[in-house]
Structures are given as structure tokens and as C-alpha cells.
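The listed protein sequences derive, respectively, from chains D and L. Mapping of the first sequence onto the numbering used here: position 108 corresponds to residue 114, and the numbering continues sequentially without gaps. Mapping of the second sequence onto the numbering used here: position 97 corresponds to residue 419, and the numbering continues sequentially without gaps. C-beta: ideal position from N, C-alpha, C; glycine also.
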Amino acid sequence: DGGITQSPKYLFRKEGQNVTLSCEQNLNHDAMYWYRQDPGQGLRLIYYSQIVNDFQKGDIAEGYSVSREKKESFPLTVTSAQKNPTAFYLCASSERSEAFFGQGTRLTVV
Amino acid sequence: AQSVTQPDIHITVSEGASLELRCNYSYGATPYLFWYVQSPGQGLQLLLKYFSGDTLVQGIKGFEAEFKRSQSSFNLRKPSVHWSDAAEYFCAVRADTGRRALTFGSGTRLQVQP
């Protein structure tokens, strides 16, 4: 089936560590996105990529990094510079119309 | 830059009652508008979208929404709510040029009473 796969579903990070969230899509979409979701704040855009080997900062990019070396993959690294990383992270992809979402990764700092 | 306001954080309706969730957007040109639904701990599922044409759009699960340019609104409606509709609902807007990422409202949590 075509879709977006995020892994892992749950992730625990110690303070000071970097962690990488995986996002893979087989929809052949050019554009991919990372959103952060906190209770009561909706979804906020972290980074987006409209084509392979190119990506742009979203509204809350500080403390995060991404790469887009393959069309299918858009991993997000949460660095130690992100002071409040505990959140639900959603990856999405789109072509010309709506965005399709993965099932999310819940990151918790321990 | 575009923005979305969902004025109702939490709504409770009785099963079988009608539902209207409000959404107001800010965007200078003709917007692309969406409603998504999210169950706890899950991703988002598209309910319906508006790009152009007929201002009343039909979606999945019996939902519909009406685009009103004069009011900058895109309210979601359902004539009879089912217990399985309990979830969080997000309105989103997207530009047709430049940054095409969705901008979301803060969401409305729907509870359904038996």
C-alpha cells in the first residue's frame, strides 16, 4: 500500500542527546514536511522540502535539522539545542493537492 | 502569511445532533482550504478540501464544509453526529504559490455524548 511510514512510534531521549526520526514515503511525492504537535497548539511547521536536495526552515526550525538525499526519505534530527523536544512529531508529503500524514512519533525526554 | 483561527477549543454534542465547527482564515488570495481529523495518538486524515468552484464541498464520513469568501470562513458541518466522530478536528490553509506547506488552526476537540 502507498503511504508514509514514520519510525519509531515512541522514542525516549536523554537530555543532551541527538535523536533522529525517520520518515519514508512511497507515494512518489516531491514535497515533504515535518510538523510538531503540542496540546492546544495545533501543528507547527519545522522544516519542509519541495524537491530532493533542497529544504527550507519552517516556523520553528531552531534545534532541528533535516536532510533530503532521496525522494522517498526526509529524516528529522532533534539536536541537544532543542530545549523542549517532548512532543508529537508528524511527517507529511504532498504533490499538487492535499498532504498525506504518517502516524507520528512521540518523543519524550527522560 | 496565512493564518487559521478555530475559535472553539472544545465542543460537546449529543449523538444524533447536528454539528458545526468554525474556521476563519487569513490569506490575501484565493486559499486552498482543508479539514483534517485526528484520533488520539494517530496521524491526520483528510475529511475534505476546497480549491475552487462550488463553495459547498462534500467530504468523507458525511461531513461537508462551506467556503464563504466574504466572511473568510470555512465551517465544517455534519447533520447527525455519531459516537465515532469524537476526535480532534483541524482546519488548514495553503497558499497556491511559494511556500505550499499547510498552516493549521489550533484544533477543536469534539466530544459526543450518548
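Which class does R391/L belong to by DSSP, given the choice of helix, strand or coil?
-> Working through the second sequence from its first residue, we reach residue 391/L at position 69. Three-state DSSP puts R391/L in a helix.
Start-end ranges of the beta strand (DSSP E) lying completely within the segment 359-421 of chain L, minimum 3 residues | Runs of the beta strand (DSSP E) lying entirely within the segment 359-421 of chain L, each at least 3 residues long, are 366-372, 378-380, 386-390, 395-400, 409-416 in chain order.
With DSSP run on the structure shown, which of helix, strand or coil describes N346/L?
-> Residue 346/L sits at position 24 when you count from the first residue of the second sequence. Here DSSP, grouped into helix, strand and coil, assigns N346/L to strand.
Straight-line Cα distance separating A37/D from R416/L | Here residue 416/L corresponds to residue number 94 of the second sequence, with the count starting at 1. Here residue 37/D corresponds to residue number 31 of the first sequence, with the count starting at 1. Each residue's alpha carbon lies about 13 angstroms from the other.
For F94/D, the residue or residues it bridges with in DSSP | As a working mapping, residue 94/D is identified with position 88 in the first sequence. BP columns for F94/D point to Q43/D, R112/D.
Measure from the C-beta of F385/L to each C-beta in chain D and report whether the shortest distance is under 7 angstroms.
-> Start at 1 with the first residue of the second sequence, and residue 385/L comes out as number 63. By the rule that beta-carbons nearer than 7 angstroms mark a contact, F385/L does not touch chain D.
When the Cα of V326/L is compared with those of K383/L, A339/L, N397/L, V434/L, which residue comes out closest?
-> Within the second sequence, the letter at position 4 stands for residue 326/L. Measuring from the Cα of V326/L, the nearest candidate turns out to be N397/L.
Determine which residues of the segment 405-419 of chain L have a Cβ less than 7 angstroms from any Cβ of chain D, and write them out in chain order.
-> Hits within the stretch, in order: F412.
Evaluate the contact criterion for the segment 54-66 of chain D versus the segment 426-435 of chain L: three or more CB pairs, one atom per stretch, below 8 angstroms.
-> With a cut-off of 8 angstroms, the segment 426-435 of chain L and the segment 54-66 of chain D do not count as touching, because too few Cβ pairs lie within range.
For the segment 103-114 of chain D, which residues have a beta carbon sitting closer than 9 angstroms to at least one beta carbon of chain L?
-> Within the segment 103-114 of chain D, the residues whose Cβ lies closer than 9 angstroms to some Cβ of chain L are S103, E104, A105, F106, F107, G108, Q109, G110, R112, listed in chain order.
Opposite E30/D in the DSSP bridges: which residues?
-> Your numbering for residue 30/D matches position 24 in the first sequence. The partner list for E30/D (beta bridge, DSSP) reads T11/D, S79/D.
Taking Cβ positions, are K400/L and L341/L nearer each other than 7 angstroms?
-> As a working mapping, residue 400/L is identified with position 78 in the second sequence. As a working mapping, residue 341/L is identified with position 19 in the second sequence. Against a cut-off of 7 angstroms, the Cβ pair of L341/L and K400/L comes out as a contact.
Taking Cβ positions, are V359/L and Q367/L nearer each other than 7 angstroms?
-> On the second sequence, residue 359/L is found 37 positions in, with the first residue counted as 1. On the second sequence, residue 367/L is found 45 positions in, with the first residue counted as 1. Yes, the Cβ-Cβ distance between V359/L and Q367/L is below 7 angstroms.
Return the CA-CA distance between V58/D and S406/L, expressed in angstroms with no decimal places.
-> Residue mapping note: residue 58/D aligns to position 52 of the first sequence, counting from 1. Residue mapping note: residue 406/L aligns to position 84 of the second sequence, counting from 1. For V58/D and S406/L, the distance between alpha carbons rounds to 39 angstroms.
For the beta strand (DSSP E) containing D60/D, list its first residue and its last residue.
-> On the first sequence, position 54 is the one that residue 60/D refers to. For D60/D, the uninterrupted beta strand (DSSP E) segment begins and ends at 60-63.
Examine chain D for any beta-carbon lying closer than 7 angstroms to the beta-carbon of L366/L, and answer yes or no.
-> For this step, residue 366/L is matched to residue 44 along the second sequence. Yes, L366/L counts as interfacial toward chain D.
What is the rounded straight-line gap between the Cα of R102/D and the Cα of Y354/L?
-> The residue labelled residue 102/D in the question sits at position 96 within the first sequence. The residue labelled residue 354/L in the question sits at position 32 within the second sequence. Their backbone Cα atoms lie some 11 angstroms apart in a straight line.
Is any beta-carbon of chain L found at less than 7 angstroms from that of G146/D?
-> Chain D is shown from 7 up to 116; residue 146/D falls before or after that span and cannot be answered.
What do you reckon, is the C-beta of T92/D under 6 angstroms from a heavy atom of the ligand SAM?
-> Ligands in the displayed structure: none, and consequently the ligand SAM is not present.
Identify, in the order they occur along the chain, each residue of the same chain with its Cβ nearer than 6 angstroms to the Cβ of K77/D, setting aside the five sequence neighbours on each side.
-> Taking the first sequence and counting its residues from 1, one reaches residue 77/D at position 71. Same-chain partners within the cutoff: V58.
So, is R74/D buried or exposed, given that buried needs 16 or more other C-beta atoms within 10 angstroms?
-> Locating residue 74/D in the first sequence gives position 68, counting from the first residue. Buried, by the Cβ-count rule.
L49/D: which of Q56/D, Y41/D, A93/D sits nearest, CA to CA?
-> By one-based count along the first sequence, residue 49/D stands at place 43. When only C-alpha atoms are compared, the closest one is Y41/D.
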